[in-house]
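Engineer: Take this structure first; my questions come after.
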Amino acid sequence: GLAAVTGGEILIRDAAIEHLDSTLLGFERMGIRCEKRGDDLFVPAEQDRVIRTDLGGHIPKIDDGPWPAFPADLTSIALVVATQCRGTILIHEKMFESRMFFADKVIGMGARIVLCDPHRAVVVGPSRLHAAVVESPDIRAGMALLIAALGADGESHIYNIQQIERGYEQIDERLRALGAVIERADSRSDE
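Just remember that the working numbering sits 245 ahead of the position in the sequence shown, which is counted from 1.
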């Protein structure tokens, strides 16, 4: 998701690709191609980013489910990725209540999203995202907002980052190692 939103490339070593078929199919549906290289997964910078319609021209859907289906932990990130793809797609979070409520924060960054109900959001892309001041409501939405901020124009501020840190240890350092311009701030005094 990060490479797709920022336009960068990434090589994920020892990615356990034998378990990623549903995940890769979900991203392929949005025009995000990944290359299997032995045990590694490479996401190239050059991507189509065109959402493929279903048979008959219907709006496609990415929905989660228990393994081996598309993982619920990635639906928030898929929503942000879809904002950078041309076309319309329905993101359906079936497993957890109210996970899509962070969409209003991405809308505030310039995304075109219709929140249908607590489980479903329709994304129309691409959208040029811009900087915003947001608060992380939970681990998954927080990471999705961080990815959106890295792909947005300008400088964003994300508060309540302890939510993100619960699931992604030293995420700022790891993203800096990939080339991200990211800085940890101590308080809200810099708003």
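Even for Gly, the Cβ is constructed at its ideal location relative to N, Cα and C.
Classify T251 as helix, strand or coil using the three-state DSSP reduction.
Structural biologist: One-based indexing of the sequence shown puts residue 251 at position 6. Residue state, collapsed to three classes: helix.
Engineer: Which residues in the same chain as D284 place their Cβ atom closer than 6 Å to its Cβ, once the five residues preceding and following it in sequence are excluded?
Structural biologist: For the purposes of this step, residue 284 is identified with residue 39 of the sequence shown, where counting begins at 1. Here the set comprises D259.
Engineer: Take the Cβ of S343 as the centre, count every other Cβ of all protein chains shown within 10 Å, and call the residue buried at 16 or more, exposed below.
Structural biologist: As a first step, residue 343 must be located in the sequence shown, where it is residue number 98. Classification for S343: exposed.
Engineer: Identify the continuous beta strand (DSSP E) that holds G332 and give its terminal residues.
Structural biologist: Residue 332 sits at position 87 when you count from the first residue of the sequence shown. G332 -> beta strand (DSSP E) spans G332 to H337.
Engineer: Going by the beta-carbon positions, is the gap between H375 and D349 smaller than 8 Å?
Structural biologist: Locating residue 375 in the sequence shown gives position 130, counting from the first residue. Locating residue 349 in the sequence shown gives position 104, counting from the first residue. No. Outside cutoff.
Engineer: What are the start and end residues of the beta strand (DSSP E) that includes F287?
Structural biologist: As a position in the sequence shown, residue 287 is number 42, starting the count at 1. Taken as a continuous stretch (DSSP letters only), the beta strand (DSSP E) holding F287 covers D285 to V288.
Engineer: Apart from the five residues on each side of it in sequence, which residues of its chain come closer than 8 Å, Cβ to Cβ, to A323?
Structural biologist: On the sequence shown, position 78 is the one that residue 323 refers to. For A323, where only same-chain residues beyond five positions count, the Cβ hits under 8 Å are G246, G271, F272, M275, I307, F315 and I336.
Engineer: Kindly indicate which three-state DSSP category L256 falls into: helix, strand or coil?
Structural biologist: In the sequence shown, residue 256 corresponds to position 11, counting from 1. The answer is strand: DSSP assigns L256 an E or B state.
Engineer: Would you kindly report the start and end of the unbroken beta strand (DSSP E) that includes A366?
Structural biologist: Residue numbering aside, residue 366 sits at position 121 when the sequence shown is read from its first letter. Residues R365 to G370.
Engineer: Does the separation of the CB atoms of V325 and I255 fall below 8 Å?
Structural biologist: To locate residue 325, count along the sequence shown from 1; it is residue 80. To locate residue 255, count along the sequence shown from 1; it is residue 10. Not closer than 8 Å, so no.
Engineer: Tell me whether V351 sits in a helix, a strand or coil according to DSSP, three-state version.
Structural biologist: For the purposes of this step, residue 351 is identified with residue 106 of the sequence shown, where counting begins at 1. Three-state DSSP puts V351 in a helix.
Engineer: Are the beta-carbon atoms of R389 and F347 separated by less than 8 Å?
Structural biologist: Numbered from its first residue, the sequence shown carries residue 389 at position 144. Numbered from its first residue, the sequence shown carries residue 347 at position 102. Before going further, note that residue 389 is Ala rather than Arg in the sequence given. Yes, they are a contact pair.
Engineer: Is I296 closer than 8 Å to I358 when the C-beta atoms are compared?
Structural biologist: Translated into the one-based positions of the sequence shown, residue 358 becomes position 113. Translated into the one-based positions of the sequence shown, residue 296 becomes position 51. For I358 and I296, no; Cβs fall outside 8 Å.
Engineer: Measure the beta-carbon distance from V408 to G387 and round it to whole angstroms, keeping in mind my assumption that it falls under 8 Å.
Structural biologist: For the purposes of this step, residue 408 is taken as the residue at position 163 of the sequence shown. For the purposes of this step, residue 387 is taken as the residue at position 142 of the sequence shown. The sequence shown places Gln at residue 408, rather than the Val named in the question. Going by Cβ atoms, the distance from Q408 to G387 rounds to 5 Å, so yes, they are a contact pair.
Engineer: Please state whether DSSP places D309 in a helix, a strand or coil.
Structural biologist: As a position in the sequence shown, residue 309 is number 64, starting the count at 1. Residue state, collapsed to three classes: strand.
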